[in-house]
Structures are given as C-alpha cells and as structure tokens.
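J.:
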Amino acid sequence: MNVKSLVRDPVCGMQVDPERSPHRFTHAGQIHHFCSAGCLHKFEQDPAAYESAAPASGCCAHQASTPPAAGAIWTCPMHPEVRQDHPGSCPTCGMALEPEHPAATQDDGELRDMQRRFIVGLALSLPLLWLSMGELLPQRLQATHWLGHQQAAWLQLLLASPVVLWAGWPFWQRAAASLRHRSLNMFTLIALGVAAAYGFSLLALLAPQWLPPGFAMSGMAPLYFESAAVITTLVLLGQVLELRARAQTSGAIRALLALAPAIAHRLDAQDRESEVTLQQVRPGDRLRVRPGEKIPVDGVVLDGASHVDEAMLSGEPTPVAKRAGDAVSGATLNGSGTLLIRARRVGEDSLLAQIVRQVAQAQRSRAPVQRLADRVAAWFVPAVIIIAVISALLWLHWGPPPAGAHALLAAVSVLIIACPCALGLATPMSVMVGVGRGAAAGVLVRDAAALEALSRIDTLVLDKTGTLTEGKPSLRQLLPLPGFDEDELLRLAAGAEASSEHPLARAIVAAFLARGGTLPATRDFGSDPGLGVWAQIEGRSVLLGNAALMRARGVDPAAFAPLLAEHGGDTRVLLACDGQPAGVLRIADAVKASTPEALAGLRGAGLRLLMLSGDRRDSAQAIARQLGIDEVIAEVLPADKTAVIARLQQEGRRVAMAGDGINDAPALARADVGIAMGSGTDVAMQAAGITLLGGDLRGALRALKLSRATLQNIRQNLFFAFIYNALGIPIAAGALYPHYGLLLSPMLASAAMSLSSVCVIGNALRLRHLQLDAA
C-alpha cells in the first residue's frame with residue numbers, strides 16, 4: 070500500500086486507506102474517511118468537535134473512550150494465533166477481531182452496524198414473505214390477487230436485492246476472504262447457500278428458458294428470493310445476539326479496568342498537594358489517599374493507619390489493616406483513615422495492569438480439550454459441501470417432482486444448517502467467561518491449559534511456610550515465672566530487642582507495640598547471632614536468648630525447664646533479669662486463620678493432601694497435627710521438592726503444588742499445575758499456572774471449583790454443537806422425507822443455525838454466576 074495515499078481518521082487519528090474503507094462522511098464540503106463504523110457514528114453526532122480538536126491516537130473500532138497505544142494488536146478469540154495491527158475480520162473463521170489489551174469501555178460500532186443491517190433486512194423480508202406465500206393465504210390476501218405474477222416476481226427481486234447485497238455485505242466480504250486465504254468457514258457455507266438461492270431465482274426470472282424442465286413447478290420455475298433474504302436476515306440476527314453475548318464475556322476485564330481511580334493527590338517537596346492524572350504519577354511520588362478513596366497506584370505506606378478493602382483484587386471481603394511500612398495495591402479501597410503512600414509501581418507495571426494482561430492472555434489461550442474441535446473443523450466445511458452436493462444429486466435422480474427445485478432446497482438447507490460457528494465457539498466462550506469469573510474471585514489463571522489440568526488433579530502438595538502459615542514469626546504466648554507478669558516480661562523483651570533486626574526480635578517488638586506500649590530506654594546493647602541479645606533497661610540487666618546464652622552469663626537454664634515441656638516445633642526464647650530467670654516467650658509461625666476451612670473443603674473435593682517443607686521435622690509435624698494432615702515430608706531442599714512431585718507423578722497421580730517462595734518455583738513448574746500465593750514471590754507466581762491473589766488456600770478451592778465447572782461447561786457446549794450437526798445435517802438433506810414427507814426449508818435451517826450459536830454462548834455465560842464460595 071502506498072503510504073502517501075493514506076488519510077487520517079479525524080476521530081481516532083488512525084491512518085485510513087480512502088479507497089478501501091467504506092466509512093466516509095461529507096461535512097462542510099470536505100470528505101472525511103473513518104477506520105470503522107464506530108468512528109463514523111461519533112463524527113456524525115458532533116462533527117465540529119472533531120474538526121477543531123486534534124485526533125486521538127489509535128483506532129477506536131473496539132475501544133470507545135480509551136484508544137489503544139501505538140503498536141496495539143487485534144486478535145481473534147477463536148484463533149489467538151491470528152494477530153494484526155488494525156481491526157478487521159479473522160482470515161480463518163471470519164469473526165471480528167478484538168483488541169489484545171481491552172479498554173475500560175467498549176465501543177459497540179460493529180454491533181450498531183449489524184443492528185442497522187438487521188433492521189433493514191427485517192423490514193424488507195416481511196413483505197417478501199407475503200409476496201411468496203401464495204396459496205397459503207386466502208385469495209383476497211394473496212399478492213397475486215393485487216399484482217400479476219410477473220409484477221410480484223420483479224417486486225421480490227427489488228426487495229431481496231438490498232437485503233442480500235447490502236445488509237449481507239459483511240458476509241460476502243468474509244466469504245471472499247475465506248476463499249482467498251483457503252480457510253473455509255461458516256461464512257463460506259452461508260455465502261454458498263444464499264448465492265445458490267438468489268442466483269437461481271435471478272436466472273429463473275431473467276432467463277427461465279435456460280433451466281431444465283425438472284425445475285418447473287406449475288408451469289414455471291420457482292423463485293427463492295425470500296429464502297435468500299430471510300436467511301441473510303436471520304444470520305444477521307444471530308450476529309447481533311452473538312456480539313451482545315461476546316461483549317458480556319469481556320465484562321470481567323472491563324470491570325477490573327474500571328477499578329482504577331481517575332486522579333491522585335500528589336505532594337511536592339514543600340508538601341503542597343495537587344490533583345494529577347494517573348498517567349502523570351511516577352515511581353517515588355508521594356500521594357495522599359483520603360478516607361473512602363481508592364488507592365491510585367501500588368506503593369508503600371509512609372504515614373497513617375487505616376483498613377483497606379482489597380476484595381476487588383483478592384476476592385476477600387474482610388478489610389486489611391495497613392500502617393507505615395505496609396504495601397498497598399492500586400484500585401483497592403481505603404477505609405476511614407488517611408494514608409500517605411510512596412508510589413512504587415505505576416502504569417503497566419502495577420498489579421492491576423498485570424492482572425488485566427494475564428486475564429486477557431488466558432482468555433485467548435486454547436484449552437487442550439479444544440484439539441478435538443480443531444481436528445473436526447479442519448475437514449468439516451469441505452465435508453458439508455460434499456454432503457450438500459450428494460444430497461442435491463440424490464434428489465435430482467430419486468426425488469419427487471419438481472426434482473430440481475427439491476434438490477436445490479436440500480443443498481441450501483445443508484449448507485446453512487451445518488455452519489460450524491457453534492463448534493468453534495464452544496471452548497473459547499467458556500474459557501473467556503471462566504477466566505473472567507476467576508479474576509473477580511481473586512483467582513488468576515495463566516492459561517486455559519492450567520485451568521483444564523487443575524480440574525483433573527487428585528493430589529495437592531502444600532508448602533508450609535507462607536502457604537499454610539503466615540510466613541513470618543509472631544509472638545504466640547508469654548510464660549512468666551513467679552515474680553514477673555506477662556506485661557513486664559514483654560516490656561523487658563521488647564526493650565532488649567528494639568535494636569535487633571532478627572525476625573524473632575521484630576515479632577516481639579511488633580507484639581509489644583500492638584498492645585499500645587512505649588519502648589523503654591535502652592543502653593549497652595549487645596548481641597551474639599548464635600545466642601541472643603543483652604542490654605541495660607532502666608538500670609536492670611536483661612538477657613534474652615537460648616539456653617547457651619544463659620549458661621554463658623551464669624544463669625541456670627534448668628529453672629526454665631517447666632516452661633519448655635511439650636515443645637511443638639515453635640521457638641522458645643528465655644529471658645533473665647538481673648541474673649534471675651524471668652520467663653519464656655513462645656514464638657511461632659502462626660497458621661493462617663483461613664487454612665483449616667480451606668483444607669476441609671479440599672478434602673471434601675476428594676484431594677489427597679501432602680505437606681512438603683524445608684523446615685525442621687518437629688516444626689512441620691506440629692503444624693500437620695494441628696491441621697489434620699497425615700502425610701508430611703520435612704527438611705527437604707528445593708531439588709528434593711521437585712523429586713517428590715516427580716515421584717508422585719510416576720505413581721500415576723495428577724499433582725498440584727501450592728507454594729509461595731523462590732525455593733518452591735522448581736516444584737511449581739514441575740507439577741501438573743502450580744498454585745502460587747499472591748502474597749509470595751514474583752518468581753513463584755511466574756512458575757505457577759494459577760495465582761491466588763488473596764494469599765490463602767480458600768482461593769485454591771475456588772480455583773478447583775472454577776476449573777471443574779468450566780470443563781463441564783466446555784463439554785456441554787461441544788456435545789451440543791456435535792449433536793446439533795449430527796441431527797441437523799441429515800434432516801436438512803431430507804432424511805425424514807421418505808417416511809414423514811418433511812423437508813426442512815432453508816429459512817428454518819438458518820434460524821436453527823443462529824439459535825445453536827446463541828445457545829452455546831448462553832450456556833458459557835452461566836459461568837458468570839458460578840458460586841465459588843458455596844459449600
């Protein structure tokens with residue numbers, strides 16, 4: 070294409086070839102060309118607004134208020150390998166392409182165009198039916214009672230031609246593309262059927278002497294203008310219903326995109342506040358989030374405290390407490406407190422953007438179960454054409470008179486009813502809706518293969534730290550000796566640990582601060598990484614550590630013995646004050662509150678549960694006993710975890726692995742399905758097929774329910790599509806005529822074809838209302 074011949078769309082700014090684009094509009098003596106019907110419609114509403122303003126960047130054929138960035142890609146939902154840098158139709162199936170990265174709003178230009186064509190087709194097809202019904206009506210209502218046969222025939226041509234040639238023009242374009250690309254599809258069959266009916270009628274009207282006598286009915290050749298027009302109108306109706314349903318399948322992505330707020334409150338170096346758009350926010354900016362506002366970007370809290378509702382990302386309804394140092398995610402809802410945050414990830418790097426990208430990619434992926442449909446579709450259309458030809462020949466030789474007319478009707482009916490649209494839509498629609506439903510519930514699916522594999526697992530291997538437990542130590546119990554109470558024990562321990570960066574020290578200090586305490590003054594702090602810490606607190610000498618530290622400083626560890634019994638895998642920290650044993654602090658990695666409920670649901674779903682941990686055996690077994698897990702493998706290295714997964718697979722088990730750490734990544738990749746905690750590391754999430762944004766195992770149960778329901782939905786759709794064609798093609802060919810005298814008309818075949826596609830999409834849309842939290 071000569072670049073110099075291109076003109077700019079005044080609405081979206083896209084380069085348009087004026088010789089190829091049918092969308093144009095003349096205003097104030099100037100001809101404007103548009104990339105799509107959507108842009109044309111917008112310009113028609115207010116031409117002055119677009120003539121005076123600089124055009125936006127990108128095409129809006131599929132994106133109304135948010136044009137795509139440079140380099141935007143359009144792809145086919147049924148054939149994701151089809152990719153191009155402009156909107157159009159899929160060369161393989163003829164379906165309209167969709168943007169790879171959807172926008173928060175969706176332009177319905179194609180839908181409006183199809184609706185206009187359908188309305189025109191319907192308005193012209195109704196009088197056509199009246200003209201063609203003939204003897205089926207009382208004589209005074211017959212068209213021939215008011216018009217002669219010849220005048221009625223010419224009027225049929227006049228009414229049918231706009232329907233077939235204008236209203237059905239998109240189908241002719243797609244059929245031509247299917248022949249040009251040597252990829253026969255549903256539009257090939259539609260075009261053949263309509264062309265046969267319309268072409269034969271045109272020949273019968275203009276040159277009836279050229280037709281064989283076998284086509285004559287009551288002394289003249291029959292006309293099928295009404296069949297050609299009604300078939301076109303019904304196919305347009307099917308396209309309108311399909312486009313509406315397809316728009317609903319991407320509703321999950323649009324809902325996610327709509328979560329992001331439009332503006333942020335940015336503070337400059339002098340703490341002056343100004344409103345900026347999200348596009349103006351940069352990493353490192355300080356932003357203020359007021360009560361009830363959405364957090365604009367991913368960041369970390371610098372000051373303030375509040376509870377943040379993260380349900381829109383994680384699916385969990387309980388707000389999460391946030392204070393200085395805690396991470397926050399964009400699009401989550403701030404509670405009653407004011408937060409000052411520092412932006413970390415913005416734009417395409419934000420968690421919301423990553424979720425949207427992954428959901429979009431997963432919706433376009435192909436499930437392995439679709440391979441059967443792909444193999445059938447490869448030979449389906451040629452087979453249908455052969456069946457139509459054979460049907461016509463059989464009717465010509467053995468059919469009742471007029472044999473030629475019956476042969477034509479049978480061939481057209483076979484071509485129309487056998488359109489493989491329902492077969493092609495069976496899997497993609499279920500995957501799109503299922504992945505979107507999962508995203509709304511905090512279950513992020515990487516691709517359709519992971520969703521299908523998850524539905525078949527029978528064994529779930531669970532990492533302990535960060536998956537079953539919180540993943541960080543916390544103070545579980547204070548055990549003071551006589552002469553001390555819990556408050557004094559915790560105050561002395563927190564004061565001694567205030568200067569330490571050890572995880573156990575942070576757990577002690579956090580517990581003290583959570584009770585509203587103020588850290589006491591400390592001096593002469595010292596530490597030994599293998600023993601513990603010591604300090605002077607308000608004139609008192611405090612030791613905090615293990616038994617070896619006590620012995621080294623002259624304190625008898627035996628005094629602590631009564632408090633060290635029944636060790637459950639947790640850590641016991643000994644505290645002495647002024648050389649006297651004061652008590653023991655019990656620190657452990659707490660089990661997540663949601664874990665017992667999740668494990669009960671997973672057992673109820675028929676899964677075998679196995680804990681796999683690199684922690685000490687006594688610690689792992691203590692957690693397993695608490696949770697009722699019978700199989701425990703502890704003290705394993707990352708490579709050993711992978712070996713355990715491989716051994717289970719060799720035993721014939723279908724294995725899913727749930728984990729959150731870098732050390733879990735190899736096992737997550739080795740498992741049939743990896744399930745990563747959204748609160749874990751990026752490496753783990755990249756290795757997994759499923760990510761649980763809420764960070765707890767209830768999400769795994771949701772994912773399992775979703776996968777099983779989606780695969781069941783796909784099988785229902787495939788069964789419906791196969792059984793529809795298995796029954797419809799013989800009936801259309803005339804299998805019922807010898808016994809019942811029934812021959813399916815092309816108009817009924819067209820209605821049945823459209824209905825089959827709508828039923829498949831409607832069945833897929835049921836997944837939007839799937840109750841993932843139900844017992």
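The sequence shown begins at 70 in our numbering and counts up one residue at a time.
Don't be surprised by glycine CBs; every beta carbon is placed ideally from N, CA and C.
1. Would you kindly work out how many angstroms separate the C-alpha atoms of L550 and G540, rounded to a whole number?
2. Tell me whether L544 is buried or exposed, calling it buried when 16 or more other Cβ atoms sit within 10 Å of its Cβ.
3. Should D741 go down as buried or exposed, given a rule of 16 or more other Cβ atoms within 10 Å for buried?
4. Enumerate in chain order the residues of its own chain whose CB-to-CB distance from R186 is below 7 Å, with the five nearest sequence positions on each side excluded.
5. What residue range is occupied by the uninterrupted alpha helix (DSSP H) comprising P807?
6. Compare the C-alpha of A645 against each of I656, N615, L668, A669 and name the closest.
7. Taking all protein chains shown into account, decide if Y793 is buried (16 or more other Cβ within 10 angstroms of its Cβ) or exposed.
8. Comparing C-alpha positions only, which one of P239, G307, T302, A273 sits nearest to L292?
9. With S375 and K363 assumed to form a contact (beta carbons below 8 Å), what rounded beta-carbon distance in angstroms separates them?
10. Would you please state the rounded distance, in angstroms, between the beta carbons of R413 and D367? I believe it to be under 8 Å.
11. By DSSP, does D699 sit in helix, in strand, or in coil?
12. Closest to L600 by C-alpha separation, out of A576, H571, R584, would be which residue?
13. What number of angstroms, rounded off, separates the C-alpha of R411 from the C-alpha of G747?
14. Using the DSSP secondary-structure output, state which residues sit across from T401 in a beta bridge.
15. Can you give me the C-alpha to C-alpha distance between S663 and R767, rounded to a whole angstrom?
16. Considering Cα atoms alone, identify which of A734, G763, A715, R641 is closest to S688.
17. Do you know how far the Cα of G670 is from the Cα of G178?
18. On a Cα-Cα basis, can you pick out the residue from T711, F269, N786 that is closest to G831?
19. In three-state DSSP terms, what is T528?
20. Buried or exposed: T534, going by 16 or more other Cβ atoms within 10 Å of its Cβ?
21. Let me know if I455 comes out buried or exposed under the rule of 16 or more other beta-carbons within 10 Å of its beta-carbon.
22. Kindly give me the distance between the Cβ atoms of V13 and V713, rounded to whole angstroms, as I take these residues to be in contact under 8 Å.
23. On the CB-based measure, 16 or more other CB atoms within 10 Å of its CB, does N71 come out buried or exposed?
24. Below 8 Å on the Cβ atoms is my guess for L371 versus S398; work out the distance and round it to an integer in Å.
25. Per DSSP, which one or two residues make a beta bridge with G652?
26. Looking only at DSSP bridge pairs, what is K363 linked to?
27. Between the Cα of W467 and those of L775, Y806, L836, P87, spot the shortest distance and give me the residue it belongs to.
28. List the DSSP bridge partners of P542.
29. Between L559 and L547, how many whole angstroms is the CB-CB distance? I'm expecting something under 8 Å.
30. Whole angstroms are fine: how far does the CA of A801 sit from the CA of L678?
31. Just how far apart, CA to CA, sit V512 and V377?
32. Under the rule that 16 or more other beta-carbon atoms within 10 Å means buried, what is Y809, buried or exposed?
33. Note down the Cα distance separating V514 from R357, rounded to an integer number of angstroms.
34. D532: buried (16+ other C-beta within 10 angstroms of its C-beta) or exposed?
35. Out of I259, P631, R722, state which residue places its alpha-carbon closest to the alpha-carbon of D527.
T.: Let me spell this out:
1. Straight-line measurement puts the Cα of G540 at about 30 Å from the Cα of L550.
2. Within a 10 Å sphere around the beta-carbon of L544 sit 16 or more other beta-carbons, which makes this residue buried.
3. Per the 10 Å Cβ criterion, buried.
4. Beyond the five residues adjoining it in sequence on each side, R186 comes within less than 7 Å, by CB distance, of A236, L305 in the same chain, given in chain order.
5. Per DSSP, P807 is one residue of the alpha helix (DSSP H) stretching across 806 to 809.
6. Closest option to A645, Cα to Cα, is N615.
7. With 16 or more neighbouring CB atoms inside 10 Å of its own CB, Y793 falls in the buried class.
8. It is A273.
9. Actually they are not in contact, since the Cβ atoms of S375 and K363 sit about 13 Å apart, beyond 8 Å.
10. That belief holds up - the Cβ atoms of R413 and D367 are roughly 5 Å apart, short of 8 Å.
11. Coil at D699, not helix or strand.
12. Of the candidates A576, H571, R584, the one whose C-alpha sits nearest the C-alpha of L600 is H571.
13. A straight line joining the alpha-carbon of R411 with that of G747 spans about 21 Å.
14. Beta-bridge pairing by DSSP links T401 to no other residue.
15. Between S663 and R767, the C-alpha separation is close to 7 Å.
16. Out of A734, G763, A715, R641, R641 has the C-alpha closest to the C-alpha of S688.
17. So the alpha carbons of these two residues sit roughly 45 Å apart.
18. Ranking T711, F269, N786 by CA distance to the CA of G831 puts N786 first.
19. Residue state, collapsed to three classes: strand.
20. Buried, by the Cβ-count rule.
21. A residue is called buried once 16 or more other Cβ atoms fall within 10 Å of its Cβ, and I455, having fewer, is exposed.
22. The structure shown does not extend to residue 13, since the chain is modelled only from 70 to 844, so the question has no answer here.
23. Caution applies to N71, whose pLDDT of 38 falls short of 50 and renders its modelled position unreliable; the model cannot decide the point.
24. Incorrect: roughly 16 Å between the Cβ atoms, too far for contact.
25. According to DSSP, which records beta bridges pairwise, G652 is partnered with P549, L644.
26. Paired residue(s): L402.
27. Of the listed residues, the one whose Cα sits closest to W467 is Y806.
28. Answer by DSSP bridge pairing, in chain order: D658.
29. In this structure L559 touches L547 by the C-beta definition: roughly 6 Å separates them, less than 8 Å.
30. Going from the Cα of L678 to the Cα of A801 covers about 53 Å.
31. A straight line joining the alpha-carbon of V512 with that of V377 spans about 19 Å.
32. Burial check for Y809: the Cβ neighbour count within 10 Å stays below 16, so the residue is exposed.
33. Computed Cα separation, rounded: 33 Å.
34. By the 10 Å Cβ count, D532 comes out buried.
35. Of the candidates I259, P631, R722, the one whose C-alpha sits nearest the C-alpha of D527 is R722.
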